[in-house]
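Everything below concerns the one structure shown next.
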Amino acid sequence: MSNYSADHLGRSPEEDGVFCSSEISIVAASSATFIAVLGTIGNVTTLLALGRNRAVRQRRRQPTTAFVMSLATADLLFCVAVMPLMALRYGRRRWPFVSDSLWCRLFPVALYGTVATSVLSLVALTVNRYVLIVHPAWYGAVYRTAGMVPLQLAICWAIPYGLMALPLFELWGRLGFDRRTFSCTVLPSITSTGKFSASPKKFIFIVGFALPFCAIVLCYTAIIGAVRRQRRHMQRYAAKPVAATSVASTPGSIAAPSNDDDERHLTRTTAAIFGCFMLCFLPLTIANVLLEDAESAGEAGDVHVLASILTWHSAVLNPFIYALGSRHYRNAYWAVLRCADCKSTKSQRRITFSRHQSPTTPCATKSTKMGSCTAENTGSGTQNNSDV
Numbered sequence: 006m007s008n009y010s011a012d013h014l015g016r017s018p019e020e021d022g023v024f025c026s027s028e029i030s031i032v033a034a035s036s037a038t039f040i041a042v043l044g045t046i047g048n049v050t051t052l053l054a055l056g057r058n059r060a061v062r063q064r065r066r067q068p069t070t071a072f073v074m075s076l077a078t079a080d081l082l083f084c085v086a087v088m089p090l091m092a093l094r095y096g097r098r099r100w101p102f103v104s105d106s107l108w109c110r111l112f113p114v115a116l117y118g119t120v121a122t123s124v125l126s127l128v129a130l131t132v133n134r135y136v137l138i139v140h141p142a143w144y145g146a147v148y149r150t151a152g153m154v155p156l157q158l159a160i161c162w163a164i165p166y167g168l169m170a171l172p173l174f175e176l177w178g179r180l181g182f183d184r185r186t187f188s189c190t191v192l193p194s195i196t197s198t199g200k201f202s203a204s205p206k207k208f209i210f211i212v213g214f215a216l217p218f219c220a221i222v223l224c225y226t227a228i229i230g231a232v233r234r235q236r237r238h239m240q241r242y243a244a245k246p247v248a249a250t251s252v253a254s255t256p257g258s259i260a261a262p263s264n265d266d267d268e269r270h271l272t273r274t275t276a277a278i279f280g281c282f283m284l285c286f287l288p289l290t291i292a293n294v295l296l297e298d299a300e301s302a303g304e305a306g307d308v309h310v311l312a313s314i315l316t317w318h319s320a321v322l323n324p325f326i327y328a329l330g331s332r333h334y335r336n337a338y339w340a341v342l343r344c345a346d347c348k349s350t351k352s353q354r355r356i357t358f359s360r361h362q363s364p365t366t367p368c369a370t371k372s373t374k375m376g377s378c379t380a381e382n383t384g385s386g387t388q389n390n391s392d393v
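Given below as structure tokens:
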């Protein structure tokens, strides 16, 4: 491309050339706009559904709901703060910020911060499932102790933005425009001799993605093993007819399978979230490794952009996974969509108003036997019976 053959020194970053084809730019701009709109609607609905629904809040998996809301909040910030700029970037085929502008330094903070927070929230969800299934005796100490869940949420948000503070304040690396990737991103520091020092980008990638990925894989490996052992134990237990009959006769045995089913559904939901996450993020990770030292232009640039588009969709898929994977979450979504709280409030007001207007009197109750009530009281009693 001519823009790469020419000397780009002294030119503003938005004129540094587009490293992908015009067709891919149109796809990227359209995808970013679609994700910004649908992702905002989906994640706002998630926060309303899980935050306002009493049945979800009062269940014993409340810590899980807190982590899901953290994940939805990070995805919402990604859709609101990052996607519109991505749509503008590819729609205009030029980056709107110059390299020394404040916005060019804040954009990678928003991009990498929200993505890393989503990843760590997913780790917290996975560890919650791991403790519940593999080490249930630890669950009370880890999640029922006051302050433990807020502390874990604070860690999920503090680590990403703490890491991004290093290049933001130029303690390690810097933030600016990278001509190869056509984006404001993490860059290596420049020494006093004018040479480039090591960039913190790999370290941020290891802490923000590689280590969480390993933790999730290890947790799900242990979860699968524990579930298989429990299943074999239940099959052997079900083979005993006397024991099965005695268990079925106890009241607690009716509620236990329901709770176990709910937990299994929620575990499958978390596993689906992780599967979609890997499907979305692995292609970009592979592309970054393979194209790290290559000039991001031509077909290589198209591959990089397509992998990035796939990554963006992770912020949209999670709300649909919640709605389809868990019965309680699905009911909470449905309550928000049909505004159940609004209807409930109106019906309560209507019942209260009816009670004040049509009180039940003792005379109205005895009117069928004695006939001693006046026509006015009889009418009010009849109206009250019709309301009931």
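Just so you know, the numbering used here puts the end of the sequence shown at 393, numbered straight through with nothing missing. We treat Cβ as the ideally placed atom computed from N, Cα and C, and that holds for glycine.
G44 - containing alpha helix (DSSP H), residue span: 27-57 is the extent of the alpha helix (DSSP H) around G44.
From S319 to L216, what does the alpha carbon distance come to, in whole angstroms? Distance between the alpha carbons of S319 and L216 is about 19 Å.
Environment of P155 [buried if 16+ CB atoms lie within 10 Å]: exposed
Just the Cα atoms here: how many angstroms apart are F325 and S202? 43 Å
With DSSP run on the structure shown, which of helix, strand or coil describes C281? helix
Any heavy atom of the ligand MN inside 6 Å of the beta-carbon of V42? Among the ligands in the structure shown, none appear at all, so the ligand MN cannot be discussed.
Can you pull the DSSP bridge partners for F83? For F83, which the question treats as bridged, DSSP gives no partner whatsoever.
Between S194, L125, G181, which lies nearest to P165 when the distance is taken from Cα to Cα? Closest option to P165, judged by alpha-carbon separation, among S194, L125, G181: L125.
Spatial distance of Y242 from R236 (CA atoms): 10 Å
Nearest residue (CA-CA) to V128, options V191, M91, M283: M283
Using only the alpha-carbon positions, how far apart do V42 and L158 sit? 26 Å
Can you tell me which of L55, R134, F112, T51 puts its alpha carbon nearest to the alpha carbon of G181? F112
Would you call the stretch 29-42 and the stretch 305-319 touching, i.e. three or more CB-CB distances under 8 Å? yes
Report the rounded CA-to-CA distance for L168 versus L76, giving the unit in angstroms. Their backbone Cα atoms lie some 19 Å apart in a straight line.
Exposed or buried, A92, counting other C-beta atoms within 10 Å across all chains shown (16 or more means buried)? buried
Per DSSP, G181 is paired with what? T190
How big is the Cα-Cα spacing for I195 and S204? 10 Å
Tell me whether A394 sits in a helix, a strand or coil according to DSSP, three-state version. Not covered by the structure: residue 394. The range shown for the chain is 6 to 393.
Under the assumption that F83 contacts T119 (Cβ atoms under 8 Å), give the Cβ distance between them as a whole number of angstroms. Rounded, the Cβ-Cβ distance is 4 Å, consistent with contact.
Going by CA-CA distance only, name the one from R233, G213, A337, G44 that's closest to F286. G213
Pick out whichever of L295, I228, A276, I209 has its Cα sitting closest to the Cα of V114. Taking the Cα of V114 as reference, the smallest distance to any Cα among L295, I228, A276, I209 is reached at I209.
Which of helix, strand or coil DSSP assigns to F24: coil
Can you tell me where the alpha helix (DSSP H) with I164 in it begins and where it stops? 153-173
Give the range of the alpha helix (DSSP H) segment to which W339 is assigned. 332-342
Quick one: Cα of F24 to Cα of D307, how far? 8 Å
If we ignore side chains and look at the alpha-carbon of each, how far apart do S188 and T78 end up? 24 Å
Could you tell me which of Y327, A220, A163 sits nearest to R273, measuring between CA atoms? If we check each option's Cα against that of R273, Y327 comes out closest.
Short of 7 Å in beta carbon distance, which residues of its chain neighbour M74, apart from the five on each side in sequence? Order them along the chain. L52, L55, G56
Beta carbon of A227, beta carbon of V139: below 7 Å? Cβ distance < 7 Å, so A227 and V139 count as in contact.
Does DSSP put V103 in a helix, a strand or coil? If DSSP states are grouped into helix, strand and coil, V103 belongs with coil.
Between the CA atoms of F218 and T290 - distance to the nearest angstrom: 12 Å
With a threshold of 7 Å on Cβ separation, who are the neighbours of S313 within its own chain once the five nearest residues in sequence on each side are excluded? L289
Same chain only: Cβ atoms within 6 Å of V310, ignoring 5 sequence neighbours per side: The residues are C25, I29, A33.
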